[in-house]
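Let me begin by presenting the structure, written as structure tokens, before commenting on it.
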Amino acid sequence: MLSTWASVPFTTPFVWDGVSNIVVEVTFQNPAAGESTWLEATDIGVNRSLFTRGGDRYLDVWNPVYAAVDGTPFAALDGQLTVSWWSYGDPEFQPQSGTTFEIRDAAANRVVNVHGPWGDGVIYWDAGNSGGGSYDRISKAAPAADYEGNWTHWAFTKDAEAGTMKIYKNGVEWHTGSGFTRTMEDGTIMRIGKGLWGGSQSYFGHIDEFAMWDAILDPATIQDYMYKDLDDAHPNADDLFLYYHFDDGGSIYESDASASGADLGMIGTVSRMYDAAQLFRNTQQSTLRPNVIWEQGEFVSHLDSVLVIDSVMNDPLTMVLFDPENPTVGIDTFQVWPGDYYTYVFNEEGIIVDSTYISNTDDIVQEFYEYYGPAYEVIDRYELARYITPYGIGLDLGDGFTWTFDVSDYRPLLHDSVRIAAGNWQELLDMELWFIEGTPPREVMEVQNLWTGYKGYNTDEAFDANTPPIDVTLSSLAKTFRIKSRVTGHGFGGTANCAEFCAKEHYFKIDGDVVWTQEVWRDDCDVNPVYPQGGTWVYDRANWCPGAEVGTYDFDITDEVVPGNTYTFDYAAEDYFWNGGGSFPYYQTEVQLISYGAFNFNLDAAVIDIIAPSSDQMWGRKNPICSNPIIRIQNTGAQTLTSLYIEFGLEGADKSAYNWSGELAPMEWEEVMLPDYEWDESSTFTVTISQPNGGADEYAANNTMQSSVAIPELLPADLILEFKTNTKPNENDVFIYNSNGEEVFARTSFTASTVHKDTISLPDGCYELFVWDYDEDGIAWWANSDGTGYFRVKNASTGSIIKNYEPDFGGLIYQQFRV
Numbered sequence: 015m016l017s018t019w020a021s022v023p024f025t026t027p028f029v030w031d032g033v034s035n036i037v038v039e040v041t042f043q044n045p046a047a048g049e050s051t052w053l054e055a056t057d058i059g060v061n062r063s064l065f066t067r068g069g070d071r072y073l074d075v076w077n078p079v080y081a082a083v084d085g086t087p088f089a090a091l092d093g094q095l096t097v098s099w100w101s102y103g104d105p106e107f108q109p110q111s112g113t114t115f116e117i118r119d120a121a122a123n124r125v126v127n128v129h130g131p132w133g134d135g136v137i138y139w140d141a142g143n144s145g146g147g148s149y150d151r152i153s154k155a156a157p158a159a160d161y162e163g164n165w166t167h168w169a170f171t172k173d174a175e176a177g178t179m180k181i182y183k184n185g186v187e188w189h190t191g192s193g194f195t196r197t198m199e200d201g202t203i204m205r206i207g208k209g210l211w212g213g214s215q216s217y218f219g220h221i222d223e224f225a226m227w228d229a230i231l232d233p234a235t236i237q238d239y240m241y242k243d244l245d246d247a248h249p250n251a252d253d254l255f256l257y258y259h260f261d262d263g264g265s266i267y268e269s270d271a272s273a274s275g276a277d278l279g280m281i282g283t284v285s286r287m288y289d290a291a292q293l294f295r296n297t298q299q300s301t302l303r304p305n306v307i308w309e310q311g312e313f314v315s316h317l318d319s320v321l322v323i324d325s326v327m328n329d330p331l332t333m334v335l336f337d338p339e340n341p342t343v344g345i346d347t348f349q350v351w352p353g354d355y356y357t358y359v360f361n362e363e364g365i366i367v368d369s370t371y372i373s374n375t376d377d378i379v380q381e382f383y384e385y386y387g388p389a390y391e392v393i394d395r396y397e398l399a400r401y402i403t404p405y406g407i408g409l410d411l412g413d414g415f416t417w418t419f420d421v422s423d424y425r426p427l428l429h430d431s432v433r434i435a436a437g438n439w440q441e442l443l444d445m446e447l448w449f450i451e452g453t454p455p456r457e458v459m460e461v462q463n464l465w466t467g468y469k470g471y472n473t474d475e476a477f478d479a480n481t482p483p484i485d486v487t488l489s490s491l492a493k494t495f496r497i498k499s500r501v502t503g504h505g506f507g508g509t510a511n512c513a514e515f516c517a518k519e520h521y522f523k524i525d526g527d528v529v530w531t532q533e534v535w536r537d538d539c540d541v542n543p544v545y546p547q548g549g550t551w552v553y554d555r556a557n558w559c560p561g562a563e564v565g566t567y568d569f570d571i572t573d574e575v576v577p578g579n580t581y582t583f584d585y586a587a588e589d590y591f592w593n594g595g596g597s598f599p600y601y602q603t604e605v606q607l608i609s610y611g612a613f614n615f616n617l618d619a620a621v622i623d624i625i626a627p628s629s630d631q632m633w634g635r636k637n638p639i640c641s642n643p644i645i646r647i648q649n650t651g652a653q654t655l656t657s658l659y660i661e662f663g664l665e666g667a668d669k670s671a672y673n674w675s676g677e678l679a680p681m682e683w684e685e686v687m688l689p690d691y692e693w694d695e696s697s698t699f700t701v702t703i704s705q706p707n708g709g710a711d712e713y714a715a716n717n718t719m720q721s722s723v724a725i726p727e728l729l730p731a732d733l734i735l736e737f738k739t740n741t742k743p744n745e746n747d748v749f750i751y752n753s754n755g756e757e758v759f760a761r762t763s764f765t766a767s768t769v770h771k772d773t774i775s776l777p778d779g780c781y782e783l784f785v786w787d788y789d790e791d792g793i794a795w796w797a798n799s800d801g802t803g804y805f806r807v808k809n810a811s812t813g814s815i816i817k818n819y820e821p822d823f824g825g826l827i828y829q830q831f832r833v
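Read in order, the letters of the sequence shown are residues 15 to 833 in my numbering.
Written out as structure tokens, the structure reads:
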């Protein structure tokens, strides 16, 4: 806020008669949420000011994006309908043959539709269907100013009983028709910003305040509410069955403010913030008037200009040279600029007054070769593992990120000469295969693909048809058998947002009997170690997360079958019906049968991973540590594993021991938290297991594992925890625990958009910090409207910042630290 008057001289004077009113419009945009801009004002006792404020948003639509909702809200729709919205057509594209919104029934018949406008500049209002291809329609040509370059309020009504259809523009009846009695029941899906017919163009422009009532609104009500949000005082509040503000700011959903709760699926489109100067709704009257002083006098003014000559480099082209002997191998890359053209100088009227020829400095001639690469006979394709690339916008992987997969079940495939492919379009991938010498728990005898590829899920019957029953004869030489199922769901915007954002059960059947059921879902995307990402990385999905490995569901069927026999295998999914909205739902499916020989060991256990302490990037969210180590053990013998002796510690230091007990069937694994340990400086951590079930381990080569240790940061005893909340403080808690698991600090109550400072004093020891966000979207995220917060730790003695944490953290900030 300025502490003095701000002087605003006019370069062009105006004449005031001393009597007429003067209207002054002031707009401003705060640089960040929570920061205010102030004007000094005086209360004059009467309403002489109008103001609006806040972050209003609108739906931005371009081809081919749109938004969609299923037909649940349309159940009550029959003979009466009013639909209204604000629209701003993009002058660059309008008029064009797009669709503002459309509702269709299960037979794909049009029920309700608006072209606003079509390519001929005509507004078309369609409402009511006879159960076939015909529908009621009125239309009228509109001037360009009504549908492009300006915000226009449209309201459309249909009263089938009275036979009337009307169009209101900016609250005034603009067009009407009579004799239209077709009703509007049985709608199953609606799109906003695009039609439902094949080849439909999207609407180019902006849409806001989209609302539907199963009643006829009168002109006075339309005019009264067109410039403000709908509320409970609206005369037809009980008839409102859809209402989208488009203020959520997300890219997946926009919430429905009506009682229907029918959230809108965003198919590529986004909601954008109005600039301050663009706000025109929800104005309020005020008796406060900003202090303004008008000065009158004689001034001598002139406009001046300074000629500045600037040069902007043309965009270069990247040229790659290839080896003539190996035409697919690039040997050099360099940048070039095209030549052989003229640059022009224009005068003030835009007329060319001079030109300069830009000649070539070098000539490069492209030559074409016929060549023959090595031939591969692709007999069969087997997926070894699956990984989903992260959102690239704003992503920083530093020197790279490593994901590790156990592909031991595919050992029979990985010998001699094979072709290995990994699909990617942007990232540079580096793959290594580590072959571990020794004896496996059991020999892999055969790998068989059962169902593979793209499997549509528009209905459960269609999915079943894509994964039909197959007869499989098991190897008579094999002793044990396992099914591997690696499936991920894709497509959203239709019923239940399937298959990407819905959790559905999948089934495996043998001879018609279900022997395995699995919910296809992953619920930990918000704690992905690859963060932050530019897209909607925090949303849980159908067995995948952006920037993460895809889990494989393994299940043993040995007890269900006899080697050498023939069985009918079948793979099925939970009942489902797609309403046609959004993008097509499907599962990327790989189901395989692995046949093994007998177990090589009767009594054997293995350490298969060290979660903490670890430098493995996949466990980055859980490291470094100064308290309990975490390991994974596996039963690699034929007997059920019930007990194990575990010795662990730093290399060269005293070791600690832990007696584990439990129950692991053959090949099952478990994550084990070991007792607290007296950590030293950075070194090597070693863990060794022995005495399975109190006996002798039959294979010692898999009993020991090591990892590098990085000790957590040493902090001062007196700390300040500074937490600035966003607008959703109820989503957050902060806890600190000591090495005994005892709570030493907790804050579970916050105020919105407020800086909270807690000073704590801790004795020497190891501590765990948890900062939770229960909505799993951090305290600053681009895809919501929660505002921006931060969390930092300060030195209480000096006030200096020790650590400023990434606010786009998903569901949890976790750190161990020492005092």
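All residues carry an ideal CB built from backbone N, CA and C; glycine is no exception.
Taking 8 angstroms as the threshold, find out whether the segment 566 to 582 comes into contact with the segment 488 to 498 through three or more Cβ pairs.
yes
Can you tell which of C559, N164, S216 has the C-alpha that lies nearest to the C-alpha of P78?
It is S216 whose Cα lies nearest to the Cα of P78.
In this structure, does DSSP put S422 in helix, strand or coil?
Here DSSP, grouped into helix, strand and coil, assigns S422 to helix.
What are the start and end residues of each continuous alpha helix (DSSP H) run of 4 or more residues lying completely inside the segment 524 to 595, in chain order?
none
Below 8 angstroms on the Cβ atoms is my guess for M179 versus D222; work out the distance and round it to an integer in Å.
Contact doesn't hold; Cβ gap of about 24 angstroms is too wide.
Since F336 and R456 are thought to touch, with beta carbons under 8 angstroms apart, how far apart are those beta carbons, to the nearest angstrom?
With 8 angstroms as the limit, F336 and R456 do not qualify as a contact, their Cβ atoms being about 48 angstroms apart.
Tell me the residue span of the alpha helix (DSSP H) that contains N480.
Its alpha helix (DSSP H) spans residues 474 to 480.
Considering just the uninterrupted stretch of the alpha helix (DSSP H) at I236, what are its terminal residues?
233 to 239
What are the start and end residues of each continuous beta strand (DSSP E) run of 3 or more residues lying completely inside the segment 688 to 767, in chain order?
Taken in chain order, the complete beta strand (DSSP E) segments of 3 or more residues contained in the segment 688 to 767 are 698 to 704, 718 to 722, 732 to 738, 746 to 752, 757 to 761.
Terminal residues of the continuous alpha helix (DSSP H) containing L161?
In the sequence under discussion, the amino acid at residue 161 is Tyr, which differs from the Leu named in the question. 158 to 161 is the span of the alpha helix (DSSP H), which, as asked, contains Y161.
Using 8 angstroms as the threshold, is the C-beta distance between V534 and R400 below it?
no
For the beta strand (DSSP E) holding F360, just list the boundary residues, first then last.
Counting along the chain, the beta strand (DSSP E) containing F360 begins and ends at 355 to 360.
Can you give me the C-alpha to C-alpha distance between D822 and Q829, rounded to a whole angstrom?
In a straight line, the C-alpha of D822 is about 16 angstroms away from that of Q829.
Helix, strand or coil for D791? Go by DSSP, reduced to three states.
coil
Is the segment 634 to 652 in contact with the segment 691 to 701, if contact means three or more CB pairs nearer than 8 angstroms?
yes
Compare the beta carbon distance of I230 and T166 with 8 angstroms and say whether it is the shorter of the two.
no
Residues in its own chain within less than 8 angstroms of S373 by CB, not counting five upstream and five downstream?
Around S373: G353, D354.
Would you list, in sequence order, the uninterrupted alpha helix (DSSP H) runs of no fewer than 4 residues that lie entirely inside the segment 498 to 525?
none
If you follow the beta strand (DSSP E) that T773 is in, where does it begin and where does it stop?
769 to 775
For K738 and G803, which I take to be in contact (beta-carbon distance under 8 angstroms), what is that distance rounded to the nearest angstrom?
Rounded, the Cβ-Cβ distance is 5 angstroms, consistent with contact.
Between A587 and K523, is the Cβ-Cβ spacing less than 8 angstroms?
no
Can you give me the C-alpha to C-alpha distance between W592 and W211, rounded to a whole angstrom?
16 angstroms
DSSP on K180, reduced to helix/strand/coil?
strand
I think L735 touches D772, with their Cβ atoms under 8 angstroms apart; what is that distance to the nearest whole Å?
5 angstroms
Using the Cβ count rule (16 or more neighbours within 10 Å means buried), how would you classify D232?
exposed
For the structure I just gave you, are there three or more beta carbon pairs, one from the segment 603 to 610 and one from the segment 460 to 473, closer than 8 angstroms?
yes
Using 10 angstroms around the beta-carbon of Y468, count the other beta-carbons present and answer buried if the total reaches 16, otherwise exposed.
exposed
Below 8 angstroms on the Cβ atoms is my contact criterion, and I expect Y471 with A513 to pass it. Report the Cβ-Cβ distance as a whole number of Å.
5 angstroms
Grab me the residues of N818's own chain with a C-beta within less than 6 angstroms of its C-beta, minus the 5 sequence neighbours each way, in chain order.
R806
Measure the beta-carbon distance from V687 to T418 and round it to whole angstroms, keeping in mind my assumption that it falls under 8 angstroms.
Inspection of the sequence shows that residue 687 is occupied by Met rather than by Val. No, M687 and T418 are not in contact; Cβ-Cβ is about 21 angstroms, not under 8 angstroms.
Please look up how many angstroms separate the CB atoms of A141 and M198, rounded, as I've assumed it's under 8 angstroms.
6 angstroms
Taking C-alpha atoms, which residue in K669, E695, M681 lies nearest to G640?
Reading the sequence as shown, one finds Cys at residue 640 and not Gly. It is E695.
Helix, strand or coil: which one does DSSP assign to G133?
coil
Could you spell out where the beta strand (DSSP E) holding R286 opens and where it closes?
284 to 287
Whole angstroms are fine: how far does the CA of D420 sit from the CA of G708?
The C-alpha of G708 lies about 29 angstroms from the C-alpha of D420.
Closest by CA to T487, which one among N127, Y581, N754?
Y581
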